[in-house]
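Novice: The structure's right below; bear with me while I get my questions together.
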Amino acid sequence: MKENKNDLMEKIISLCKRRGFVFPGSEIYGGMANSWDYGPLGVELKNNIKNLWWKKFVSERDDMVGLDAALIMNPKVWEASGHLANFTDPLVECSICKDRFRFDVIQAQEPSNSDGTYNCPNSKASNIKLGESKHHGILSKPRQFNLMLKTFIGPAEESANVAYFRPETAQAIFTNFKNVLQTSRKTLPFGIAQVGKAFRNEITPGNFIFRTREFEQMEIEYFIRESDWKKYFEMLVGLMREWISEVGINSKDVEEIEVKDLAHYSKRTVDFEYKFPFGQKELYGLAYRGDFDLSNHQKFSGENLEYKEEETEKPFIPHVIEPSLGVDRTLLAVLCSAYDDSDGERLVLKLKPKLAPFKAAVFPLLRNKPELVELARKVYLDLKKKFNVAWDDRGNIGKRYYSQDEIGTPYCITVDFDSLTDTSVTVRERDSAKQERIKIGELESFISKSLE
Ligand SMILES: [Zn+2]
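Under our numbering, the first residue of the sequence shown carries the number 7, and numbering increases by one thereafter.
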């Protein structure tokens with residue numbers, strides 16, 4: 007039978023809540039629309055994704071360096087980047103309930119009325135769901151609505167003190183370009199990477215953690231000479247394909263789209279779209295941005311952001327290619343790819359071992375036998391110095407296996423009566439459910455190997 011896709015999304019959301027991956031935000035106060043909190047297992051999975059990304063794109067390479075900039079920057083940054091003027095969505099507003107809707111979504115349907123106007127979508131919804139009296143709101147003409155999340159710095163809420171939470175991590179990389187260049191002594195080509203939160207006042211957030219107003223990005227600006235752009239674009243496409251497979255996202259569910267409607271400064275942009283249960287949506291983007299950003303920052307700041315390597319070389323503004331990845335979307339695509347209840351018996355979260363919140367779980371066969379518990383505790387505490395390891399002594403072994411399978415723990419280690427004499431334990435592998443005896447002294451290298 008074909009998997010019902012929406013069903014899969016519901017199952018993932020339910021698993022996330024039940025096992026502590028993702029909770030609805032501010033839940034004890036009735037929640038807050040489209041905010042989500044990562045629980046004990048979710049934060050481990052998320053950190054593992056970010057660490058794997060940092061390792062692959064920064065620490066294992068000699069052409070990348072990192073950065074961790076402030077969330078709130080000088081508002082002039084957003085003037086220079088074009089966000090204050092152009093980072094907008096066209097919105098329409100209901101004349102009665104005042105709710106706002108994205109014009110592109112509304113426009114995709116036939117007008118409700120012969121004069122070309124649209125009725126408020128809430129007029130239908132409230133009628134069905136709540137039995138409320140139907141209102142006859144008409145939607146306004148579209149107006150531009152800025153997606154920047156505004157705040158005030160200091161005690162006075164005056165326009166002079168307006169600031170914005172960054173809508174992307176990338177701009178801080180450009181504003182630090184000169185500092186990084188001077189201190190890291192990198193020469194072209196090289197990249198600056200940053201992982202961090204970004205904020206957008208989205209009108210239509212939704213689909214669980216796919217689109218939220220507060221989210222986390224992993225971004226790189228890769229600085230190059232203009233003549234080299236095709237070569238390095240291909241290199242970065244290749245790295246992103248490798249990443250998709252290394253993080254455990256099913257490559258067959260990813261489609262690379264050549265973006266046709268390019269920004270004026272971009273010569274090529276590729277979107278990596280993933281077949282989420284709610285439809286095929288953007289997962290990652292790779293954009294060649296020319297020298298647009300650094301040129302603008304040079305113009306607006308008055309600082310010289312040019313580069314030159316040789317004495318004889320004429321100074322120039324480097325061009326840049328930007329791989330942009332969402333952490334939360336990655337986590338969701340990883341969960342969708344890993345979720346497997348196809349055998350009807352058990353649910354297995356087939357996470358790559360290096361992403362799994364726990365690398366192993368340790369059990370004493372019986373919890374009421376002190377000699378088993380003592381040895382099992384020792385095995386557990388020794389492994390815990392090296393890996394994140396779980397402990398479970400409740401219920402029967404079958405239930406413990408099931409419980410670890412659904413959070414993706416690759417190995418279950420059981421200390422039994424034989425262990426007391428042969429210093430070995432039973433190690434059961436998650437996906438195959440195969441068991442083998444392993445010497446306690448070899449457990450650490452056994453687990454390490456699975457993480458390579
Ligand atoms: Zn309305």
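We treat Cβ as the ideally placed atom computed from N, Cα and C, and that holds for glycine. Here the structure is a predicted model, which means the values were calculated and not measured.
Give the secondary structure of V106 by DSSP, where H, G and I count as helix, E and B as strand, and everything else as coil.
Specialist: Here residue 106 is Arg; the residue named in the question, Val, does not match the sequence. Strand.
Novice: Hey, out of Y386, T415, D398 and L311, whose CA is closest to L361's CA?
Specialist: Checked all of Y386, T415, D398 and L311; the closest Cα to L361 is T415.
Novice: Is the segment 204-220 touching the segment 40-57 in the sense that three or more CB pairs, one from each, lie closer than 8 Å?
Specialist: The segment 40-57, when compared against the segment 204-220, does touch it at the 8 Å Cβ threshold.
Novice: For E222, is the classification buried or exposed, using 16 other Cβ atoms within 10 angstroms of its Cβ as the cut-off for buried?
Specialist: With 16 or more Cβ atoms within 10 Å of its Cβ, E222 is classed as buried.
Novice: Determine whether the beta carbon atoms of A176 and E116 lie at a separation below 9 Å.
Specialist: No, Cβ-Cβ distance for A176 and E116 is not below 9 Å.
Novice: In three-state DSSP terms, what is L136?
Specialist: Note that L136 scores a pLDDT of 46, beneath 50, so its modelled location is shaky and nothing firm can be said.
Novice: Based on Cα-Cα distance, which residue from H303, K203 and E380 lies nearest to L426?
Specialist: Residue E380 is the option with its Cα nearest to L426.
Novice: Does the Cβ-Cβ distance between R172 and M79 come in under 9 Å?
Specialist: In this structure, M79 lies closer than 9 Å to R172 by Cβ.
Novice: Could you check what DSSP says for F239 in three-state terms: helix, strand or coil?
Specialist: It is helical.
Novice: Hey, A382 and P363: beta-carbon distance below 9 Å or not?
Specialist: Not closer than 9 Å, so no.
Novice: Three or more beta-carbon pairs under 8 Å between the segment 236-255 and the segment 324-331, yes or no?
Specialist: Touching, yes, given that three or more Cβ pairs across the two stretches are closer than 8 Å.
Novice: Give the DSSP bridge partners of D43, in chain order.
Specialist: Bridge partners of D43: F29.
Novice: Can you give me the C-alpha to C-alpha distance between L136 and D74, rounded to a whole angstrom?
Specialist: For L136, the predicted structure reports a pLDDT of 46, less than 50, and the residue's modelled location is therefore unreliable. A value from the coordinates is still provided. If you take the alpha carbons of L136 and D74, they lie about 47 Å apart.
Novice: Just confirm the distance between the C-beta atoms of N125 and I144, as a whole number of angstroms; I'd bet it's less than 8 Å.
Specialist: Between I144 and N125 the Cβ distance is about 6 Å, and since that is below 8 Å, they are a contact.
Novice: By how many angstroms is the C-alpha of E232 removed from the C-alpha of V433?
Specialist: Their Cα atoms are separated by approximately 54 Å.
Novice: My parser needs the beta strand (DSSP E) runs of 3 or more residues fully inside the segment 148-213; what are they?
Specialist: The segment 148-213 contains these whole beta strand (DSSP E) runs: 149-152, 155-158, 168-171 and 196-205.
Novice: Using a threshold of 8 Å, is the CB atom of N128 nearer than that to any non-hydrogen atom of ligand 1?
Specialist: True, at least one ligand heavy atom lies under 8 Å from that Cβ.
Novice: How big is the Cα-Cα spacing for K82 and G48?
Specialist: Cα to Cα, the separation comes out at about 36 Å.
Novice: Under 8 Å Cβ to Cβ from F109, same chain only, skipping five residues before and after it: list those, please.
Specialist: Only D95, P96, L97, V98 and P148 meet the Cβ criterion.
Novice: Between M70 and A199, how many whole angstroms is the CB-CB distance? I'm expecting something under 8 Å.
Specialist: Sure, about 6 Å apart at Cβ, within 8 Å.
Novice: Could you work out which residue in H303, I444 and I413 is closest to T420 when comparing CA atoms only?
Specialist: The candidate whose alpha carbon is nearest that of T420 is I444.
Novice: Given a threshold of 16 other Cβ atoms within 10 Å of its Cβ, counted over all protein chains shown, does H270 qualify as buried or as exposed?
Specialist: It is exposed - the Cβ of H270 has fewer than 16 other Cβ atoms within 10 Å.
Novice: Taking the alpha-carbon positions, what's the S251 to R106 distance?
Specialist: Between S251 and R106, the C-alpha separation is close to 39 Å.
Novice: Tell me the DSSP secondary structure of Q410 in three-state form.
Specialist: It is helical.
Novice: With the cut-off set at 9 Å, would you say V326 and R295 are in Cβ contact?
Specialist: Yes.
Novice: Is any heavy atom in ligand 1 found nearer than 8 Å to the beta carbon of K147?
Specialist: It does not: the Cβ of K147 is nowhere closer than 8 Å to a heavy atom of ligand 1.
Novice: According to DSSP, what are the bridge partners of Q441?
Specialist: Q441 is bridged to R434.
Novice: In angstroms with no decimal places, state the Cα-to-Cα distance between G254 and C22.
Specialist: If you take the alpha carbons of G254 and C22, they lie about 18 Å apart.
Novice: According to the neighbour-count rule (16 or more other Cβ atoms, all chains shown, within 10 Å of its Cβ), is K156 buried or exposed?
Specialist: Classification for K156: exposed.
Novice: Thinking just about the alpha-carbon of each residue, which of C342, K61 and F196 is nearest to the one in F239?
Specialist: When only C-alpha atoms are compared, the closest one is F196.
Novice: Confirm, please, whether the CB-CB distance from V368 to V385 is below 9 Å.
Specialist: In this structure, V368 lies closer than 9 Å to V385 by Cβ.
Novice: Looking only at its own chain, which residues have a Cβ that is under 7 Å from the Cβ of N167, when we skip the five neighbours before and after it?
Specialist: F158, I159 and G160.
Novice: Using a threshold of 8 Å, is the CB atom of I112 nearer than that to any non-hydrogen atom of ligand 1?
Specialist: Answer for I112: no, Cβ out of range of ligand 1.
Novice: Under 8 Å by Cβ, that's how I've got P283 and L14 pegged, so tell me the actual separation to the nearest angstrom.
Specialist: 4 Å between Cβ atoms; contact.
Novice: What number of angstroms, rounded off, separates the C-alpha of T210 from the C-alpha of F278?
Specialist: Those two C-alpha atoms are separated by around 21 Å.
Novice: Would you mind reading off the limits of the beta strand (DSSP E) that contains I255?
Specialist: Per DSSP, I255 belongs to no beta strand (DSSP E) and is neither H nor E.
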